[in-house]
Amino acid sequence: MNIRKFLEEKTRKHLEKLGVENPPLIKTASRPEHGHYQANGIMAAAKEKGLNPRELAKEVVSSIETEESSDSFNLEIAGPGFINITISKAWINQILSIISKDVRLGVSTQKRKKFLTDYSSPNLAKEMHIGHLRSTTIGDACSRILEFLGHQVIRTNHVGDWGSQFGSLLAYMNKLSKEEIALASELKDLENFYRKASQLWREDQKFADEARKFVVKLQSKDPECLELWSKFIEESMKHCQAVYDQLNISLKQEHVVAESFYNEKLESIVKDLTEKNLIAISDGAKCVFLEEWVGKDGEPTPAIIQKSDGGFPYITTDLAAARHRSQELNIDEALYFVDARQTLHFRQLFHIALKAGFTRKDQSFRHIPNGIILSKEGKPYKTRQGGAVKLAEVLKESISRAKSLVSDKNSALSEQEQIIIAEIVGIGAIKYAELSKNRNTDYVFDWEKMLSFEGNTAPYLQYAYTRIKGILNKSKRSNEKLSSDFSLQDPYEIQLALKLAQFTEAVESVVEDYQPNLLCNYLFELSQFFMTFYENCPVNTAEERIKISRLNLCDLTGRVLKKGLELLGIEVLDRM
Ligand code: ARG
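Under my numbering, think of the first position of the sequence shown as 211, with each following residue one higher.
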């Protein structure tokens, strides 16, 4: 149940009765003295109709009060024409009793749509680096949330597995196998493998020629070369999968639809564009000139579809992918979780795809951009030598930092337990640091902050969860015995309870513009409200009826916290 939406619709209905079409714009109140929600749209509505805003607010309030005879909420006119809305204790108690009985915690499903989420999508000619964290975790969280809201989600890992950069890798691999060095052990350290291959490419003329031959061989589908290539891809993909598994990312091998999948379709993309008169030749390359995208010089910006040497660039493969997603998969919405630096690419892509009829107007293709990860100095996060920071290394470091944190905090735990906890805390911290930031902006990667037990961090939330578990354990009340009775009175109880009743709002807000940070903020506030409730309202020593109600409140908080973190792909622990 979405309280905000409910109030929005209710108020809108009464505005319409008064002949006003503007939306009431119900928002959560910015300060507690303004109640729980406030209608901000009355002033604008009154202005448009030439009415006095306070008068209009009065009319709306009296229309609702006479007709709804509801004791669910109280309305109050404030300032120049705001309506402050306070939800009644009785209604809050009632909502909690309903959602505590619901496995979905009150979140209903939306009208089912078919989504495709394109995320992570690394280039396999390089090992995954820290930059991949963003698209990977944000895309994964959004996929989980869309699914929870009842949508069909086709996860897609559009990995880069084709192109000239594979030439030197294959040449190097070929050389190694000839020299009978165990490939498996060489490929364990992919990064080193790439480095050696590109060093040879720069320094050894013979090797460079060999590498070029491999590019041609690969493009002409030479069987031996293809075999070597697929071995390499398989190895590289294994590295990615290991990272996904460790990071608790729901991508699996079956979600990979690599660039090479579209190889056979690229010619037909050019053919179709040519037939539609969208292609012009410029310097020997086949281009689409877009009147709609005029550059600084006032000339249309070209997008190259086929290079003069016959090769196909990134966008052509993406055009084929877009056509496939539209026509074969028949999706309603495609979301591309990719770095903001590719914004122009996606604008051109979606525009050309629609113009060429590869996609339909009733489908939505959207780029969901993200900023980059910075060092404390405000520069892109790199190794001391200026190289890319391997994602696998970052995960390792996080777990080891979490391990010392855990043993400091609770040395009574067995080594085995400490290791398990460190995994969950270390991975949770990294993912949460990512998800809790606004995806549009760059953010500073800060070990101390993300692994702190204070502030908006995963360890803080995970710790709050263990506190709740501890309270429930102490009361010796197992989950089955919990009732759904709530008799909440204390302001701290009400504050926490209302927050719990707003879980739906938090989950739904994420998919409005694909911002998992909104759910993070919600969970953080929820945990803070829980902590203040717990400091101010005794649970186990309270009188029986209150005790039961408060235990129910603890239990529900724990369930919401766990579910919310689960939707973000983060695990919880019963103790730490
Ligand atoms: N492989 C690309 C890169 O690393 C990202 C691909 C994103 N998805 C897409 N359909 N273009 O930059």
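Positions of the beta carbon are idealized from the N, C-alpha and C atoms, including for glycine.
- Taking the Cβ atoms as the reference, Ala-288 lies roughly 7 Å from His-244, within the contact range of under 8 Å.
- Cβ atoms of Phe-292 and Ile-236 stay farther apart than 8 Å, at about 11 Å.
- Burial state of Thr-221 is buried, judged by a 10 Å Cβ sphere holding 16 or more other Cβ atoms.
- From the listed residues Lys-259, Arg-241, Ala-267 and Ala-239, the smallest Cα separation to His-224 is found for Ala-267.
- Checking the DSSP bridge columns, you'll see Ile-293 partnered with Ala-249 and Ile-287.
- When the alpha-carbon of Pro-669 is set against those of Ile-309, Cys-730 and Val-717, the nearest one is in Cys-730.
- The beta-carbon separation of Arg-649 and Ile-348, rounded to 5 Å, stays under the 8 Å limit for a contact.
- In the three-state reduction of the DSSP assignment, Thr-526 falls in the helix class.
- When secondary structure is reduced to three states using DSSP, Phe-499 falls in the strand class.
- The chain-ordered list of residues whose CB is nearer than 6 Å to some heavy atom of ligand 1 reads Asp-328, Ser-331, Pro-332, Asn-333, His-368, Gly-370, Asp-528, Ala-531, Tyr-546 and Val-548.
- Leu-228 is positioned such that its CB atom lies closer than 8 Å to that of Val-270.
- Contiguous alpha helix (DSSP H) elements confined to the stretch 308-352 do not occur, taking only those with 4 or more residues.
- Note on Asp-414: under 16 other CB atoms within 10 angstroms of its CB, so exposed under the neighbour-count rule.
- Looking only at Ile-678, Leu-698, Lys-606 and Arg-533, the smallest Cα-Cα distance to Trp-657 is reached by Lys-606.
- Distance from the Cα of Leu-761 is smallest, within the candidate group Lys-462, Arg-677, Ile-562 and Gly-377, for Arg-677.
- With a cut-off of 8 Å on Cβ pairs, the stretch 696-712 is not in contact with the stretch 338-354, counting fewer than three such pairs.
- A straight line joining the alpha-carbon of Asp-572 with that of Asn-540 spans about 11 Å.
- In this structure, Leu-380 lies away from Leu-334, with their beta-carbon atoms at least 8 Å apart.
- Ala-544: member of the beta strand (DSSP E) spanning 543-549, first to last residue.
- Using a Cβ distance threshold of 8 Å, Leu-778 and Leu-645 count as a contacting pair.
- Annotated three-state conformation of His-449 is helix, per DSSP.
- Counting only residues of its own chain and dropping the five nearest sequence neighbours on each side, Lys-613 has a CB closer than 8 Å to the CB of Gln-628, Ile-629, Ala-632 and Gly-636.
- Cβ-Cβ distances below 8 Å link Lys-323 to His-361, Gln-362, Asp-542 and Glu-543 in the same chain, with the five nearest sequence neighbours on each side left out; the list follows chain order.
- Two segments are said to touch when three or more pairs of C-beta atoms, one from each, lie closer than 8 Å; by this definition the stretch 473-488 does not touch the stretch 447-457.
- Judged by DSSP in its simplified three-state form, Asn-367 adopts strand.
- Look at Ser-280 here: in three-state DSSP terms it is coil, with no helix or strand label.
- Contact between the stretch 500-515 and the stretch 543-559 is present, with at least three C-beta pairs closer than 8 Å.
- The beta-bridge partner set that DSSP reports for Ala-513 consists of Val-498.
- Looking only at Leu-698, Glu-625 and Cys-450, the smallest Cα-Cα distance to Lys-336 is reached by Cys-450.
- Counting C-beta atoms within 10 angstroms of its own C-beta, Gly-774 has 16 or more neighbours from the protein chains shown and is therefore classed as buried.
- In this structure, the straight-line span from the alpha carbon of Ala-716 to that of Leu-461 is close to 24 Å.
- Ile-355 is not a Cβ neighbour of Val-770, given a cutoff of 8 Å.
- Gln-725 sits in coil when the DSSP states are folded into three classes, being neither helix nor strand.
- Secondary structure note for Ile-578: it is in no alpha helix (DSSP H), and the uninterrupted beta strand (DSSP E) holding it is 574-580.
- His-246 and Lys-589 have their alpha carbons spaced roughly 41 Å apart.
- Leu-306 carries a helical assignment under DSSP once its states are collapsed to helix, strand and coil.
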